[in-house]
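Chemist:
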Amino acid sequence: MKRWNSVVGKLWATILLLMFVVLFVLSILIMQFFQNYIVEDVKKSLANTASQIAETFVEHNEIDFALEVAFEILDENTNAIIFTDEDNVYYSNPDDEATFSKDFIMSDSTFSKVFSSNVTVTKEFELSQQEDKTNNGLMIGVPLQLMNSTGAVFIYQSLDVMEDAIEATSDIILWSAGIAFILTSAFAFFLSSRVTAPLRKMRESAAEVAKGRFDVKVPILTHDEIGELAKTFNKMREQLEVNMNALKQEKEQLASILRSMADGVITINKQGEILVTNPPADEFLAAWADSPENVGKKAIPSKFIDLLNESIETGKDQAGEMNFGGRYWSFIVSPQFDEQSIRGAVVVTRDTTEERKLEKMRKDFVANVSHELRTPVAMLQGYSEALIDDIASSEEERKEIIKIINEETLRMGRLVNEILDLARLESGSMSLTVENVEINSFIERIGRKFYGLAKDSNVNLKVNIMTNKETYQFDPDRIEQVLTNLIDNAIRHTPEEGLVELKVTSEQDYLKLEVKDNGSGIPAEDLPFIFERFYKADKARTRSRAGTGLGLAIAKNIVDAHNGTISVWSEIGKGTVFTIKLPEEVKS
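Read in order, the letters of the sequence shown are residues -18 to 569 in the working numbering.
#1: On a CA-only basis, which of VAL6, GLU477 and LEU289 is nearest GLY301? Give me that one, please.
#2: Using DSSP's beta-bridge definition, name the partner residues of MET120.
#3: Please name the residue, chosen from ILE121, LYS555 and SER157, that lies closest to LEU140 on a Cα-to-Cα basis.
#4: If we ignore side chains and look at the alpha-carbon of each, how far apart do LEU401 and VAL329 end up?
#5: What residues in its chain sit with their C-beta under 6 Å from that of SER311, if we drop five residues either side in the sequence?
#6: Bridge partners of PHE305, per DSSP?
#7: Kindly give me the distance between the Cβ atoms of ASP456 and LEU413, rounded to whole angstroms, as I take these residues to be in contact under 8 Å.
#8: Might you give, ordered along the chain, the residues of its own chain that have their beta carbon closer than 6 Å to the beta carbon of THR560, omitting 5 neighbours on each side?
#9: Buried or exposed for LEU492, please, with buried defined as at least 16 other CB atoms from any protein chain shown within 10 angstroms of its CB.
#10: Which value, in whole angstroms, describes the spacing of the CA atoms of ASP68 and THR101?
#11: Look up ILE561 in the DSSP assignment and say whether it is helix, strand or coil.
#12: Determine the direct distance from the alpha carbon of ASN17 to that of THR165, and round the result to whole angstroms.
#13: Does the stretch 212 to 224 come within contact of the stretch 246 to 265, defined as at least 3 CB pairs closer than 8 Å?
#14: Given 8 Å as the limit, is there contact between the stretch 370 to 387 and the stretch 497 to 515, that is, 3 or more CB pairs closer than that?
#15: Just mark VAL481 as buried or exposed, buried being the case when its beta carbon has 16 or more other beta carbons within 10 Å.
#16: Which ranges would you report for the alpha helix (DSSP H) in the stretch 449 to 505 if only whole runs of at least 4 residues count?
#17: For LYS430, name the three-state secondary structure that DSSP assigns.
#18: Kindly indicate which three-state DSSP category ILE63 falls into: helix, strand or coil?
#19: Helix, strand or coil, according to DSSP, for ASN275 in the structure here?
#20: Go through its chain and collect everything with a Cβ distance to THR486's Cβ below 6 Å, but skip five positions before and after it.
#21: Considering only DSSP beta bridges, list what GLY132 is partnered with.
#22: Candidates ALA211, GLN462 and ASP205: which alpha carbon is nearest GLU197's?
#23: If you run the structure through DSSP and keep just helix, strand and coil, what is ILE(-4)?
#24: Helix, strand or coil: which one does DSSP assign to ASP84?
#25: Under 7 Å between C-beta atoms, does SER487 make it to chain D?
#26: Given this structure, state the Cα-to-Cα distance separating ARG426 from LEU467, to the nearest angstrom.
#27: Can you tell me whether DSSP reads ARG200 as helix, strand or coil?
#28: Tell me, to the nearest whole angstrom, how far the beta carbon of PHE15 is from that of THR150; I am working on the premise that it is less than 8 Å.
#29: Are ASP469 and GLY556 closer than 7 Å when you measure CB to CB?
#30: Among VAL190, GLN462 and PHE162, which residue has its Cα nearest to the Cα of VAL223?
#31: Mark ALA227 as exposed unless 16 or more other C-beta atoms lie within 10 angstroms of its C-beta, in which case mark it buried.
#32: Buried or exposed for TRP156, please, with buried defined as at least 16 other CB atoms from any protein chain shown within 10 angstroms of its CB.
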């Protein structure tokens, strides 16, 4: 079936059908022509023979000699009946006397015209009847003008002879037509295969090009129109390869740009279906799919569709904001145009959660710094005015005022220094001075520094060192700053007769430092925020017990700079545990 559906099969079948029709019609016409020709030739031959016999009788007066000569003229398939007059009849074949008697011929309307009208007549007649077929014959009558009488020469022949000649001629014609048809079929197949061979090559090459293989070249087999077509196809393939490579490079470049973008890019059509996304956009869509605000579990927010419709109506970019899942997103919807209309839009999304947090932190930082500075500045102003106005009535009151001014000055200095330290730590401009520190002496020195403060606060301070190494690598000044902040906070928030413990242990590849107390504890809602700047769990901000709110933020940044971790556990009424884990080897 595939062969007949091909160009070869169709061309071959067309040529064969055309040749079959031509040969069929030509064979019918030729056979008809030869049949008529043979019949006419037989009639003409019989008429000539009859005329010769009549001339023989005219030339020879002796009847017997004329009959002998006449019968010699006849061939084996031809018989004659000679009437010298209406009464005397002579037969070349005596057996015919029973069939063609004198009375039969004289009574026949056609044959009698030879005698009555003196004309030549021709008639087909039935010679004999056999079981399977009828044997017909052809008889021609020629008038015979003798000296003393009027006679006739009737010569006849069986049509079987003519039919045999016609059949032989028909067989020759049919065999010739069959041979011509076979030769034409072979030639047509060869011609169609020859013509379509380059087309098949081009089809195979086109199939390979469709698969992305552009190195397949069509061979140029001829120099005619098909050869020119092959040349054009090769040029088209080369140009297509160039264009495809350019498109591929452009696509890869665009994909690389999209992947490297920090913003999410989503391409949607007019029906709101997603066409192209990049990794940040996938994160956005995943967050939207899992957010409780996505009521109908839609692929994209309905706000995108609304802005897309507005873009289609106005033909301009549309901007908007959303917040879901605790995060904030801003986006811009830009319409995509084709030649006549808008076919979709490109949505550029950006996660502004961190920006909002940073903005909030900036505002909180300014507010907290202002708050922390306002109180000491107000006290400095008030007490300095008291000194100027000589309000102190005694030397003791004057010294007390000066002491308060000094304490507030020191407080302001600590606040400024801590802000600078935190800024340097967060910017990464502060470098660590890593040393090999002998852990026992380092921890004991820190403990001795707080024994006096603990005794004044009536708090028990305990130092417990259980390490499997004598020295560790870290910045001793910065780690001392961390431990000082934690121990100072623990002592200030532990009631009298309470316990504060500094415990140092070794675990796997890191040094573990724990500062424990059984003080008031930290509320659970405050634990996630205690390492933020200026955050204070003590909402009353009493000056006697609250610091600047920067100590824990500084401690976390110092531990992070050591590639370590700091965590906290606390429960109201049971105490607090700060845990620090430092790697055994820290790179400076």
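Every residue, glycine too, gets a C-beta built ideally from N, C-alpha and C.
Modeler: On the basis of the coordinates in this document:
#1: Closest by C-alpha distance to GLY301, out of VAL6, GLU477 and LEU289, is LEU289.
#2: In DSSP, MET120 forms a bridge with LYS104 and TYR137.
#3: Selected option, being the one with the closest Cα: ILE121.
#4: Each residue's CA atom was taken as its position, placing LEU401 and VAL329 some 38 Å apart.
#5: Taken in chain order, the residues that qualify are GLU302, ARG331 and THR333.
#6: In DSSP, PHE305 forms a bridge with ARG308.
#7: The beta-carbon distance between ASP456 and LEU413, rounded to whole angstroms, is 4 Å. This is short enough to meet the 8 Å contact definition.
#8: Counting only residues of its own chain and dropping the five nearest sequence neighbours on each side, THR560 has a CB closer than 6 Å to the CB of GLU495 and SER548.
#9: It is buried - the Cβ of LEU492 has at least 16 other Cβ atoms within 10 Å.
#10: Looking at the two C-alpha atoms, the distance is approximately 20 Å.
#11: The answer is strand: DSSP assigns ILE561 an E or B state.
#12: The straight-line gap from Cα to Cα measures roughly 29 Å.
#13: No, they do not touch.
#14: Too few Cβ pairs lie closer than 8 Å, so no.
#15: VAL481 counts as buried, since no fewer than 16 other beta carbons sit within 10 angstroms of its beta carbon.
#16: Runs of the alpha helix (DSSP H) lying entirely within the stretch 449 to 505, each at least 4 residues long, are 457 to 473 in chain order.
#17: Reduced to three states, the DSSP call for LYS430 is helix.
#18: If DSSP states are grouped into helix, strand and coil, ILE63 belongs with the strands.
#19: Looking at ASN275 - three-state DSSP - the assignment turns out to be coil, as it is neither helix nor strand.
#20: Within the same chain, Cβ atoms closer than 6 Å to the Cβ of THR486 are found at MET447 and LYS493, the five residues on either side in sequence being excluded.
#21: DSSP lists LEU125 as partners of GLY132.
#22: The displayed chain sequence assigns Val, not Glu, to residue 197. Measuring from the Cα of VAL197, the nearest candidate turns out to be ALA211.
#23: If DSSP states are grouped into helix, strand and coil, ILE(-4) belongs with the helices.
#24: In the displayed model, ASP84 falls within a helix according to three-state DSSP.
#25: In the structure shown, chain D does not exist; there is a single protein chain.
#26: Between ARG426 and LEU467, the alpha-carbon positions lie close to 15 Å from each other.
#27: Strictly speaking, residue 200 in this sequence is Pro, with Arg absent from that position. Three-state result, PRO200: coil.
#28: A Cβ-Cβ separation of about 5 Å places PHE15 in contact with THR150 under the 8 Å criterion.
#29: Contact flag unset, no.
#30: Checked all of VAL190, GLN462 and PHE162; the closest Cα to VAL223 is VAL190.
#31: Under a 10 Å Cβ-count criterion, ALA227 is classified as exposed, with fewer than 16 other Cβ atoms of the shown protein chains found around its own Cβ.
#32: So TRP156 counts as exposed.
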